Structures are given as C-alpha cells and as structure tokens.
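Engineer: A single structure is presented below for examination.
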C-alpha cells in the first residue's frame, strides 16, 4: 500500500471518528424519569439525580406530585414520544392508596411493554421508603387506610421486572437499609419539613440520588459513564 493511500485512509478514519464525536455531543444520552412526588422536581430526588449526571446526559422530568401509574399513563406516552434512551419508572406511594398489588402489576407491566415497543429501555424501581420508624428505631411500613403495605408493591415491581427481563433497582430495600443504618435522628435531616417523612430536603435528595446512582452502576453498567 502506497504512502499516499495510507495517509488518505488515516485522514478518512479521523474524519469519520471526529464526525462520530460531534454526533455524540449533539445527541446526548437521554434518561426519562416518571413517577410520583418522591421523584418529581418539587421535593423529590429527580433534580439531585440530574445534578450528578454529566453534560453529555440529559434528564427528562415527567414525575408529578400525587401521581399513580393510572394518572400518568398519557404523560408516559408523551415521554416515550421524546425517544429517551432509558426511562426510570418508580410508582407505589399513591397507587397503594387506590388499588392493590395485582392491579399495580398490570399497570406497571403495561408501562414496561409500551417502553419496549417504543424502542426505549425501561428500568423498574421499587418505591423509596417513607421514613417512619417504629419503637425499635427501625423503619415501620405504613399500612392504615392503604390497600397494602409498600413492601408488597416493591415485591410486585421486582416480579414485573423479572418477568419482562428488564433491569430492576430495589430502591425500597436499599432506602430501608440505609435509614435503618443511620437511625431516626440522622434520618430527620432528609425531611422536607419537620413533619414530612416522605419528601426530601436538598440534603435528603442528594443522599438518595447517591444511593440510586450506586445501584444503577450495578444494575445497568452501561450507564456508568453518565455520572460525575
């Protein structure tokens, strides 16, 4: 092969790789978030999660206060139309006020199947725990006035992910273990206000986002480069 041909080949390769780099910068990886207020931009972990993402990663916020799988179904379709690469799905807190785990399973399965059909990779999360403690100083799930306790919905989310063959992050189990470890006094620093043991202060959101990112790096290793 002549020196001229080698130089031309090198130049074309450099041009091609350079073009790929420009395209990568022009089209950042997109992660959609959909869920309830514990995810939303008001006092959820979503903004803190976005803060930990690199400039090459765009977060699409579709979580909403008071949301259930049923109430955000149309919004989910709008999110899928934006063609994110991944979508994180976390529901449970409000669903458990309205329907049991069987209905929850059906609705969550629909979300996962619709994401797949749209060419979007779904990641199922179980709900982050409420920070209510029992007399022994460990998390005590709320049950009164609910269709079932949150652990039942967490187990159902895990089952749906397994049946659908998609990544699962047991945020419920991770967050329970975390708060049991730090204890009630330190856990209060996560409260949005002194009496709010569900939503997050900025420090609580940041700590929860850190738990999430650590788990995602294991459950979805290809996302490792998306975080600072």
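Numbering (mature numbering (1 follows the signal peptide of the UniProt record, and there is no 0)), first residue to last: -26 to -1, 1 to 202. The C-beta atom is built at its ideal place from N, Cα and C for all residues, glycine as well. Computed from a predicted structure; not experimentally measured.
1. Check the C-beta distance from residue 143 over to residue 99 and give it rounded, since I have them as a contact under 8 Å.
2. Let me know if residue 69 comes out buried or exposed under the rule of 16 or more other beta-carbons within 10 Å of its beta-carbon.
3. Please state the DSSP three-state secondary structure of residue 191.
4. DSSP on residue 176, reduced to helix/strand/coil?
5. How many angstroms separate the CA atom of residue 187 from the CA atom of residue 29?
6. Under the three-state reduction of DSSP, which class applies to residue 60: helix, strand or coil?
7. Distance check for residue 171 and residue 33, CA to CA, integer angstroms please.
8. If you check the beta carbons only, do residue 197 and residue 60 fall under 9 Å apart?
9. Would you be able to state if there are at least three C-beta pairs under 8 Å between the region 42 to 56 and the region 80 to 97?
10. Which residue wins for smallest C-alpha separation from residue 129, given the options 199, 155, 157 and 64?
11. At which residues does the beta strand (DSSP E) containing residue 9 begin and terminate?
12. Alpha carbon to alpha carbon, how far is residue 115 from residue 1?
13. So is residue 25 buried or exposed if we call it buried at 16+ other beta carbons inside 10 Å?
Structural biologist: Based on what the coordinates show:
1. As a position in the chain shown, residue 143 is number 169, starting the count at 1. As a position in the chain shown, residue 99 is number 125, starting the count at 1. Yes, they are in contact, since the Cβ atoms of residue 143 and residue 99 sit about 5 Å apart, within 8 Å.
2. Numbered from 1 along the chain shown, position 95 holds the residue referred to as residue 69. Flag for residue 69 reads buried.
3. Reading the chain shown from its first residue, position 217 is the one you call residue 191. For residue 191, the three-state secondary structure derived from DSSP is helix.
4. For the purposes of this step, residue 176 is taken as the residue at position 202 of the chain shown. It is helical.
5. What you label residue 187 is simply residue 213 of the chain shown in a count that begins at 1. What you label residue 29 is simply residue 55 of the chain shown in a count that begins at 1. Taking C-alpha positions only, residue 187 is separated from residue 29 by approximately 16 Å.
6. Along the chain shown, read from residue 1 onward, the residue named residue 60 stands at position 86. Reduced to three states, the DSSP call for residue 60 is strand.
7. Here residue 33 refers to the residue found at position 59 when the chain shown is read from its first residue. Here residue 171 refers to the residue found at position 197 when the chain shown is read from its first residue. C-alpha separation (whole angstroms): 26 Å.
8. Taking the chain shown and counting its residues from 1, one reaches residue 197 at position 223. Taking the chain shown and counting its residues from 1, one reaches residue 60 at position 86. A contact, by the Cβ cut-off of 9 Å.
9. They touch, by the three-pair rule.
10. For this step, residue 129 is matched to residue 155 along the chain shown. Relative to the Cα of residue 129, the nearest Cα in the group 199, 155, 157 and 64 belongs to 64.
11. Taking the first residue of the chain shown as position 1, residue 9 is located at position 35. For residue 9, the enclosing beta strand (DSSP E) starts and ends at 3 to 9.
12. Translated into positions along the chain shown, residue 115 becomes position 141. Translated into positions along the chain shown, residue 1 becomes position 27. Answer to the nearest angstrom: the Cα atoms are 42 Å apart.
13. The residue you call residue 25 lines up with position 51 of the chain shown. Residue 25 should be labelled exposed.
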